[in-house]
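Engineer: Quick note on numbering that gives the first Met the number 0: the sequence shown kicks off at 0 and runs consecutively.
We put the beta carbon where it would ideally sit given N, CA and C, even for glycine.
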Amino acid sequence: MAIDKFELTRKITEELNEEIGVPTIFIFPNKSKETSLTSSKFGGLPYWDKSLPYPTDKDGNKLKLLAQFNLGEISETCESDLGLLPNEGMLQFFLLAGEDNFYGSDLDDATNNNNFRVVYHPVIKEGFTVKDAEQLQIPTFSDEENDYEPIRGETGLDFSLEKNASPDYGAFNEKFIEKAAKYGWRIDTKPEDINDLYEFLESEVGDELYECAYIEENCLLGYPVFAQYDPRDEEDYPEYDTQLFQMVSSSNEEDSDFMESWGDMGMAHFFINHNKLIEKDFSDIMYYWDCY
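1) Are Leu84 and Leu70 close, meaning C-beta to C-beta below 8 Å?
2) Check Pro230 in the structure and name its three-state DSSP category.
3) In the DSSP assignment, find the beta strand (DSSP E) that holds Phe175 and state where it starts and stops.
4) I need the straight-line Cα distance from Gly59 to Phe140, nearest angstrom please.
5) Helix, strand or coil for Thr188 per DSSP?
6) Can the beta-carbon of Phe281 be found closer than 8 Å to that of Thr241?
7) Using 8 Å as the threshold, is the C-beta distance between Ser151 and Glu161 below it?
8) Identify, in the order they occur along the chain, each residue of the same chain with its Cβ nearer than 6 Å to the Cβ of Pro138, setting aside the five sequence neighbours on each side.
9) Can you tell which of Tyr197, Asp167, Met246 and Lys174 has its C-alpha closest to the C-alpha of Pro228?
10) So, at 6 Å on beta carbons, what are the nonlocal neighbours of Ala66 in its own chain, with the 5 sequence-adjacent residues on each side left out?
11) Distance check for Pro223 and Tyr213, CA to CA, integer angstroms please.
12) Can you tell me where the beta strand (DSSP E) with Val117 in it begins and where it stops?
13) State the Cα-Cα distance for the pair Ala164 and Cys211, rounded to the nearest angstrom.
14) Is there contact between the segment 169-189 and the segment 15-24, where contact requires at least three CB pairs shorter than 8 Å?
15) Excluding the five sequence neighbours on either side, which residues of its own chain have a C-beta within less than 6 Å of the C-beta of Met246, listed in chain order?
16) Do Gly97 and Tyr53 have their CB atoms nearer than 8 Å?
In structure tokens form, the structure reads like this:
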């Protein structure tokens, strides 16, 4: 009986997601969802603790809210522990964008947070109002399309907690080959070449594996997908071993006021050291984006 390699590729990938995948919180913009200062959202006015200084660059320019995540809300929605992330509080991502097309990134030092910031509030305090935000003169990303800003408008968010594995990390390729053999599909490769699984698949099957295993979605945690390459392979950034947040581009097919656009349909990543994430220390972040 002939082996359907396309169907088997999907089946094995699903099995590996469950067996060796890491918890990943997938994020889905929902333009019809009502938002508030304390809800999870992309864009808009942020929640803020009035006892803290609002994030600015070195010249005093206030940063804009890219995304905020009410972790207690997500934990309740997913009916699950959030793993490496705290189960409560507010996690926020800010950028200074609008002066150039770098979206707050530093091409020479991806850890230079002058034009971006990640802030964690362990407790969401009551009493911060829209009027307070206006008095602080907190800027927001434009509702109009702007090549110098990565997002447009504001949108609420939905979440799904799933396990996800990747051919670029861990034992995925080795276990894929082992499972394929058990199903009667022998992939002829040598142990030392096991990281180059695509080299040993027919091109169409390799494309199917890419479609199944690489998830170009907005997410917290999980494995990153890059338009070009992983900059952490360079000697400057080995300690940033954990993806904190991935934000991808989206089209405006549904005629929403909200849109994500990282250059030419690219994606942004915020990385953190695993131990610092466990310690809830979000002061040292690597921020990088690329596009096709």
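Structural biologist: Considering the structure as presented:
1) Taking the first residue of the sequence shown as 1, we reach residue 84 at position 85. Taking the first residue of the sequence shown as 1, we reach residue 70 at position 71. Yes, these two residues count as a Cβ contact at 8 Å.
2) In the sequence shown, counting from the first residue as 1, residue 230 sits at position 231. Reduced to three states, the DSSP call for Pro230 is helix.
3) As a first step, residue 175 must be located in the sequence shown, where it is residue number 176. Phe175 -> not in any beta strand (DSSP E); alpha helix (DSSP H) instead, spanning Phe171 to Lys181.
4) Mapped onto the sequence shown, residue 59 falls at position 60. Mapped onto the sequence shown, residue 140 falls at position 141. Roughly 18 Å between the two C-alpha positions.
5) In the sequence shown, counting from the first residue as 1, residue 188 sits at position 189. Of the three classes helix, strand and coil, the one that applies to Thr188 here is coil, per DSSP.
6) Taking the first residue of the sequence shown as 1, we reach residue 281 at position 282. Taking the first residue of the sequence shown as 1, we reach residue 241 at position 242. Not closer than 8 Å, so no.
7) Translated into positions along the sequence shown, residue 151 becomes position 152. Translated into positions along the sequence shown, residue 161 becomes position 162. Checking the displayed sequence, the identity of residue 151 turns out to be Arg instead of Ser. No.
8) Position 139 of the sequence shown holds residue 138. The residues are Lys61 and Lys63.
9) By one-based count along the sequence shown, residue 228 stands at place 229. It is worth fixing the name first, because residue 228 is Tyr in this sequence and not Pro. The shortest C-alpha separation from Tyr228 is found at Asp167.
10) What you label residue 66 is simply residue 67 of the sequence shown in a count that begins at 1. Answer for Ala66: Phe41 and Phe92, listed in chain order.
11) The residue given as residue 213 occupies position 214 in the sequence shown. The residue given as residue 223 occupies position 224 in the sequence shown. When rounded, the distance between both Cα atoms is 8 Å.
12) Sequence index remark: in the sequence shown, residue 117 carries index 118 (1-based). Start and end: Phe115 to His120.
13) Mapped onto the sequence shown, residue 164 falls at position 165. Mapped onto the sequence shown, residue 211 falls at position 212. Spanning the two alpha carbons is a distance of roughly 10 Å.
14) yes
15) Residue numbering aside, residue 246 sits at position 247 when the sequence shown is read from its first letter. Contacts found: Asn217 and Ala267.
16) In the sequence shown, the residue the question calls residue 97 occupies position 98. In the sequence shown, the residue the question calls residue 53 occupies position 54. No. Outside cutoff.
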